[in-house]
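Going down the list, the sequences are from chains A and B.
Residue numbers for the first sequence follow my numbering, so the first one is 776 and each next one is one higher.
Residue numbers for the second sequence follow my numbering, so the first one is 121 and each next one is one higher.
Cβ coordinates follow ideal geometry from the N, Cα and C atoms, glycine included.
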Amino acid sequence: MELMKDTSHINPLENEAIYIIREVAAQFEKPVLLFSGGKDSITLVRLAQKAFYPAKIPFPLMHIDTGHNFPETIEFRDRLVKELGLELIVRNVQDSIDQGKVKEETGRYSSRNALQTTTLLDAIEEFKFDACIGGARRDEEKARAKERIFSVRDDFGQWDEKNQRPELFDMLNGQIDLGQNVRVFPISNWTELDVWSYIEKENIEIPSIYFAHKRKVFLRDGMIWSHSDYVYQEDHEEVLEELVRFRTVGDMSCTAAVFSEAADISSVVQEIRESTISERGARIDDKRSEAAMEKRKQQGYF
Amino acid sequence: MEVLKIATAGSVDDGKSTLIGRLLYDTKSLTTDKLEAIEKTSKQKGYDYLDFSLATDGLVAEREQGITIDVAHIYFSTPKKSYIIADTPGHVEYTRNMVTGASTSQAAIILIDARKGVIEQTNRHFFINNLLRIKNVIVAINKMDLVDYSEETYNAIKADFETLMEKRDYQDQNITFIPVSALKGDNVVHKGENFSWYDGKTLLEHLEQLDKKDVFNVGTPRFPVQYVIRPKTDEFHDFRGFAGKVYGGELSVGDEVVALPSQTKSKIKDIYFYDKKFETASRRSSVTITLEDEINVSRGDMLVKVGDMPKIDKQFTATISWMDAKNMNAGGKYIIQHGVNKVLAKVDSIHHKINPDYSGIEEVDSLKINDIAKVSFKLNKPIFFDAFKDHRTNGSFILIDTQSNNTVGAGFIN
């Protein structure tokens, strides 16, 4: 193996994230990495690989599947897990619906996005997870800007935003009571551009929907919605075939596409660099109200 | 990419949010949808100008009360650097938030309203930045447009602040004065046309030229072991790697090291970052180190260079910033988290409270939330530490309540 000179070129954000992921493995008994198949959680997987090399990642991945995901994401997820030899747990929102724990939304803006919370909290209880690593970033949304790196949730999975632990220096306090759990956000301090630049630099594979492709879509409220069985569409909303890509990937009912010709990673990075719209501008779930994210987080959302 | 973390503190009225908004706006970091949201809400509330605090005050309670309650993190970048602003409220009841924001920052901005000059809050803000040994402090004298861009006013405030500087403990702190008008955008990102008498840098120009090596306080290398990596695979059968972050200096292959607390000596065999080997682990890199000898090292232990030992002791005195609603009393027991190491500690004695407005010290029996004080501790086992003035990482710790598990204070070892 070639001996390289020094590590000073390594991105400080990457060093920070690796430090955080190692703290999780050291401080908790049953951690899990929440994996959505989106670019942020894919980045987390790479960071976790780096944190423990040459050992394997010492915790499983878990996907809370709304059943309304893009098929490309699910196909990608299964391939990644197989290639890296990781353990994947999948829990389905459909099961929570069938068990009568949550009720499917109906109508024009119906989505399964908010229903994920119940399925997630049940899974945390089922496996007794004490730490859930997630790919949320502070630059995404203003309630997330207030989030800690180690964010303590009570027995009900709730976020008490006014009573958070101070976090000083690099020190992460993971002490909790039985029944509580911690949400951990290793890429808190990354921006969208940081993530994309990292994906480019590291040559990380991501699902094809992040790149420009032809897709059947329709327009509503100035946003580009996917034409799909999972997405409510009115008769007068005309189906178009357009060249689009996704900037953020949630479930099909809450993620809008953007017109784009960026077909490879360097054009995507370039596009993000020049963009005047924020990433969550294409998240239909955030448009519900000014405090939409804060409310969902209080209830146990990511 | 270089990352610079900056702490700002101030009240609603001194224009802190406007300054941050101006930085975002003039570096084109505010996206159209965010800007539109700010415009819409400002208009709904009947404001005549754009209220940039709407971009930073993320909680419903903050927007309702028009105040910043908690530390918010704001991100922007230039082609040269990525910036992270830890925006903290500046009132006396938020001292703990200021300490928290300052603890992760390499630079700080102190805002002064040119109409008011140096006020009590300025003292406190400066005291905390100095206590936390933030290397670069920028004193932005704001609202210069409201004092007709007067050089005299600027000079008078500067002179007042310089009097304050004589009282500081950490004398090597770099302090830069910049007259600005955040509202008009003068000297924030672009030069102000109204400052014919000022030929210094704008705020952003100053931040841009801060060199990486000038922003950190350099100490000596300390390597607290976070995690022991044992792959137990055929390829890496005997591999035992010590994962951690290097603080204070560099460590290189071949360096003779001592493992603490066992005091066993060995040599660094390999330094890994992921699947590549390196000659030197630079400061603040998260590496994995293997040693020439099979010695017993576990989480919480520390590798240091031979001849460069930290202090190893079961007691010390520290400056404490108390952060919990429940008071700290002499005799109280807490968990001390020093880096990644945890020990049980007892408050031996509370010497005195230090008033962060430079008005002196006070005898007290217990500490209330937001108090800063000198306190002695006894530990159930020794830790390996440096004085905070010599080592920002290895000289600091947090206090954890044994019942609530909350982080209740921060300490800086004397």
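Taking C-alpha atoms, which residue in the options lies nearest to residue i?
i                  : options                                    : result
Asp-319 (chain B)  : B:Ser-197, B:Leu-330, B:Ile-298            : B:Ile-298
His-838 (chain A)  : A:Phe-1021, A:Thr-892, A:Gln-955           : A:Thr-892
Thr-340 (chain B)  : B:Asn-514, B:Val-257, B:Leu-150            : B:Asn-514
Asn-322 (chain B)  : B:Ser-405, B:Asn-262, B:Ile-277, B:Phe-343 : Residue identity check: residue 322 (chain B) is Thr in the sequence provided, not Asn. Thr-322 (chain B) has its Cα closest to that of B:Asn-262, out of B:Ser-405, B:Asn-262, B:Ile-277, B:Phe-343.
Lys-278 (chain B)  : B:Ile-248, B:Leu-231, B:Leu-252, B:Asp-268 : B:Leu-231
Val-460 (chain B)  : B:Ile-481, B:Ile-440, B:Met-448, B:Leu-519 : B:Leu-519
Ala-260 (chain B)  : B:Asp-413, B:Val-424, B:Gly-135, B:Lys-365 : B:Gly-135
Gly-909 (chain A)  : A:Ser-926, A:Lys-921, A:Asp-897, A:Lys-917 : A:Ser-926
Met-946 (chain A)  : A:Val-957, A:Ile-924, A:Ile-962, A:Glu-967 : A:Ile-924
Thr-437 (chain B)  : B:Arg-403, B:Phe-517, B:Leu-371, B:Phe-359 : B:Phe-517
His-193 (chain B)  : B:Ser-418, B:Ala-465, B:Thr-220            : B:Thr-220
Lys-434 (chain B)  : B:Asp-510, B:Gln-241, B:Tyr-269, B:Phe-505 : B:Phe-505
Thr-224 (chain B)  : B:Arg-404, B:Phe-315, B:Met-264            : B:Arg-404
Tyr-985 (chain A)  : A:Gln-1008, A:Ile-817, A:Ala-826           : A:Ile-817
Ser-479 (chain B)  : B:Arg-288, B:Phe-172, B:Pro-209            : B:Arg-288
Leu-124 (chain B)  : B:Ala-206, B:Ser-301, B:Asn-416            : B:Ala-206
Ser-386 (chain B)  : B:Phe-398, B:Leu-423, B:Glu-370, B:Ser-197 : B:Leu-423
Tyr-290 (chain B)  : B:Val-528, B:Arg-512, B:Gln-523            : B:Arg-512
Asp-306 (chain B)  : B:Leu-324, B:Thr-296, B:Gln-293, B:Asn-294 : B:Leu-324
Arg-797 (chain A)  : A:Met-779, A:Glu-879, A:Phe-834            : A:Phe-834
Val-300 (chain B)  : B:Ser-270, B:Met-285, B:Thr-283            : B:Ser-270
Val-1006 (chain A) : A:Pro-806, A:Pro-829, A:Thr-881, A:Asn-790 : A:Thr-881
Gly-312 (chain B)  : B:Gln-329, B:Asp-268, B:Thr-296            : B:Asp-268
Leu-499 (chain B)  : B:Gly-361, B:Lys-462, B:Ala-507            : B:Lys-462
Just mark residue i as buried or exposed, buried being the case when its beta carbon has 16 or more other beta carbons within 10 Å.
i                  : result
Asn-526 (chain B)  : buried
Leu-994 (chain A)  : exposed
Gly-860 (chain A)  : exposed
His-472 (chain B)  : exposed
Leu-953 (chain A)  : exposed
Ala-920 (chain A)  : buried
Pro-476 (chain B)  : buried
Arg-350 (chain B)  : exposed
Arg-142 (chain B)  : buried
Trp-317 (chain B)  : exposed
Met-761 (chain A)  : The requested residue 761 (chain A) is not part of the displayed model; chain A covers only 776 to 1077.
Leu-788 (chain A)  : buried
Asp-1039 (chain A) : exposed
Val-970 (chain A)  : buried
Phe-246 (chain B)  : buried
Quickly, what does DSSP pair residue i with across the bridge? List them, please.
i                 : result
Ile-248 (chain B) : In the DSSP output, where bridge partners are listed per residue, Ile-248 (chain B) has none listed.
Asp-840 (chain A) : A:Asn-867
Pro-744 (chain A) : Any answer about residue 744 (chain A) is impossible in this case: the structure gives chain A only from 776 up to 1077.
His-193 (chain B) : B:Ala-206
Tyr-392 (chain B) : B:Lys-397, B:Thr-408
Leu-778 (chain A) : B:Lys-397
Val-257 (chain B) : B:Ala-228, B:Ile-295
Leu-943 (chain A) : Per DSSP, none; premise fails for Leu-943 (chain A).
Leu-371 (chain B) : B:Ala-401
Phe-532 (chain B) : B:Thr-439, B:Ser-516
Lys-385 (chain B) : B:Val-378
Asp-233 (chain B) : B:Asn-262
Which stretch, first to last residue, makes up the beta strand (DSSP E) that contains residue i?
i                 : result
Ile-999 (chain A) : 998 to 1001
Asn-217 (chain B) : Premise fails: Asn-217 (chain B) lies in the alpha helix (DSSP H), 215 to 223, not in any beta strand (DSSP E).
Arg-821 (chain A) : No beta strand (DSSP E) holds Arg-821 (chain A); the alpha helix (DSSP H) holding it covers 814 to 827.
Thr-128 (chain B) : 122 to 130
Arg-344 (chain B) : Residue identity check: residue 344 (chain B) is Pro in the sequence provided, not Arg. From DSSP, the beta strand (DSSP E) with Pro-344 (chain B) extends over 342 to 349.
Asp-890 (chain A) : A quick correction: the sequence has Leu, not Asp, at residue 890 (chain A). Segment: none, Leu-890 (chain A) is in no beta strand (DSSP E) and carries neither H nor E.
Leu-380 (chain B) : 376 to 380
Val-957 (chain A) : 956 to 959
Gly-364 (chain B) : 361 to 365
Val-927 (chain A) : 925 to 928
Val-877 (chain A) : Neither: Val-877 (chain A) is in no beta strand (DSSP E) and is coded neither H nor E.
Ser-424 (chain B) : In the sequence on display, residue 424 (chain B) carries Val and not Ser. Its beta strand (DSSP E) spans residues 422 to 425.
Which stretch, first to last residue, makes up the alpha helix (DSSP H) that contains residue i?
i                 : result
Ala-802 (chain A) : The sequence given here places Gln at residue 802 (chain A); Ala does not occur at that position. From DSSP, the alpha helix (DSSP H) with Gln-802 (chain A) extends over 787 to 802.
Gln-329 (chain B) : 323 to 329
Gln-523 (chain B) : Segment: none, Gln-523 (chain B) is in no alpha helix (DSSP H) and carries neither H nor E.
Gln-933 (chain A) : Here Gln-933 (chain A) belongs to no alpha helix (DSSP H), and DSSP marks it neither H nor E.
Asp-853 (chain A) : 846 to 859
Ala-157 (chain B) : 152 to 164
Asp-146 (chain B) : 136 to 146
Of all the beta strand (DSSP E) runs that stay within the bounds of the segment 963 to 1042 of chain A, which reach a length of 3 or more residues? 988 to 995, 998 to 1001, 1015 to 1021, 1032 to 1034
Could I get the ranges of all uninterrupted beta strand (DSSP E) runs contained in the segment 432 to 502 of chain B, with 3 residues as the minimum, in chain order? 453 to 458, 461 to 474
Along the chain, which unbroken stretches of the beta strand (DSSP E) at least 3 residues long are found entirely within the segment 269 to 299 of chain B? 294 to 299
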